[in-house]
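Position 3 of the sequence shown, counting from 1, maps to 221 under this note's numbering, and the rest follow consecutively. Each residue gets a CB set at the ideal place from its N, CA and C atoms; glycine is no exception. Single-structure report; data block below.
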Amino acid sequence: MKIKIESIVITNAISSASGLAVAGNIIWMVGDDADYVTKSTIGQTDFRRIKLCENASEERLAKATKHDFEACTIGEIAGKQYLFVLGSGGLSPYRESMFALNIENTEQCYKRSLQHLYNAIRSSAGLKEKELNIEGAAVAGDKLVLFNRGKNFIVLLSWKKFSSFALHEDATDIPPFKIIMIELPMVNGFQIGFSGACTINENELLFTATLEETHDPIADGAIKGSYIGLLNLQGNDFAQVVSLTQMKNNDNHFVTDKLEAIEIIKIKGKNMSAIAVADNDDGSSKLYYLSICID
């Protein structure tokens, strides 16, 4: 995989960007310590904040009580497109929130706790309470794919069943899911971990991953590398990383920003334009506009 940085934009419009999704020519971004989403036009700086609920704060939320939004994706329900924003699940109950925002009518927003679903995933994967860390989400065909960081695995769910569960607060039946463990390399005793994902097609997903010098599922560590990879998905039983490339800047030095998410803007054959976001942990965010060629 060949990656070229076309341009970089630094903005304070979204605090600690950690997820993004694209619909048409609009970029939607979420932050791990934000109570709102930010939208802008591709290639422009017309950022606008949209609160996820009436009493949402525009200040950075404290680490102990933040939603820790690390994953978002756009999915269709009854002909309408919704931005689904998911907490990481690492700390109950704060990080188990999910919001579904109608992107055509942003006054319509649903909130749901994913506590029961996250508990089931945690139990099935053999995780301790703080080890669940959902960092990416992507709708691929009729499936929703969630990416867990630390103990790297993906969770496959029926999009129809998940969205029905998510939009009905009184729904009690947890949608069935399948967990597939994914191997990513270890470097100097530290595990490369998923940080974001998007869909190329129903069988291929693009993902970001980072190498952090930490063994703690919640605490941050020094960033020693950011990667972009390709995951091949076949049905509900098989998934494999077929490409993983460490990102360099245009003077050939390795990027030390923590890439948190990626989305495709345009694709033609094996060539694509994409946008990735990095969390600067100082309240600002960095947007990378990229050209990617899959070998």
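- Beyond the five residues adjoining it in sequence on each side, LEU270 comes within less than 8 Å, by CB distance, of ASP253, TYR254, VAL255, VAL303, PHE317, LEU319, CYS327 and LYS329 in the same chain, given in chain order.
- Under the three-state reduction of DSSP, ALA343 is assigned to helix.
- Just so you know, the alpha carbons of GLY407 and ILE418 end up roughly 31 Å apart.
- 8 Å or more divides the Cβ of CYS290 from the Cβ of VAL227.
- Looking at the DSSP output, MET465 bridges to nothing.
- Taking 8 Å as the cut-off, the Cβ atoms of THR229 and ASN243 do not count as close.
- Note that the C-beta distance between LYS476 and THR432 is not below 8 Å.
- With fewer than 16 other Cβ atoms inside 10 Å of its own Cβ, GLU224 counts as exposed.
- For ILE352, the pairing in a beta bridge is given by DSSP as ASN366.
- A distance of 8 Å or more separates the beta carbons of PHE395 and PHE412.
- For GLN262, DSSP assigns no beta-bridge partner whatsoever.
- By the criterion of a C-beta distance shorter than 7 Å, THR283 is surrounded in its chain by TYR312, once the five residues flanking it on both sides are discounted.
- Annotation for LEU385: the continuous alpha helix (DSSP H) segment containing it runs 377 to 385.
- ASP455 and SER341 have their C-alpha atoms some 19 Å from each other.
- Assignment of beta-bridge partners to MET247 by DSSP yields LEU238 and THR256.
- As summarised for the region 426 to 512, the continuous beta strand (DSSP E) elements at least 3 residues long and confined to that stretch are 441 to 452, 456 to 464, 477 to 486, 489 to 497 and 503 to 511, given in chain order.
- Per DSSP, the unbroken beta strand (DSSP E) holding TYR300 starts and ends at 298 to 305.
- Per DSSP, the continuous beta strand (DSSP E) segment holding ARG330 begins and ends at 327 to 331.
- LYS222 and ILE510 have their C-alpha atoms spaced approximately 6 Å apart.
- Going by C-alpha positions, LEU402 is about 15 Å away from LYS442.
- Taking C-alpha positions only, ALA389 is separated from PHE383 by approximately 6 Å.
- According to DSSP, ILE223 shares a beta bridge with LEU508.
- For ALA389, the secondary structure class from DSSP, reduced to helix, strand or coil, is coil.
- If you ignore the 5 residues before and after SER236, its C-beta comes within less than 7 Å of the C-beta of VAL248, GLY249, ASP250, PHE287, GLU288, GLU478, ALA479 and ASP497, all in its own chain and listed in chain order.
- Take LEU332, set aside five residues on each side of it, and the residues of its chain with a beta-carbon closer than 8 Å to its own are LEU304, GLY305, GLY307, GLU314, SER315, MET316 and ALA384, in chain order.
- Taking a contact as a CB-CB distance under 8 Å, the pair GLY354 and GLY414 counts as one, their CB atoms being some 5 Å apart.
- For GLU420, same chain residues with a beta-carbon under 7 Å away, outside a window of 5 residues either side, are ALA358 and GLY359 in chain order.
- Counting the other Cβ atoms within 10 Å of the Cβ of LYS361 gives 16 or more, which makes it buried.
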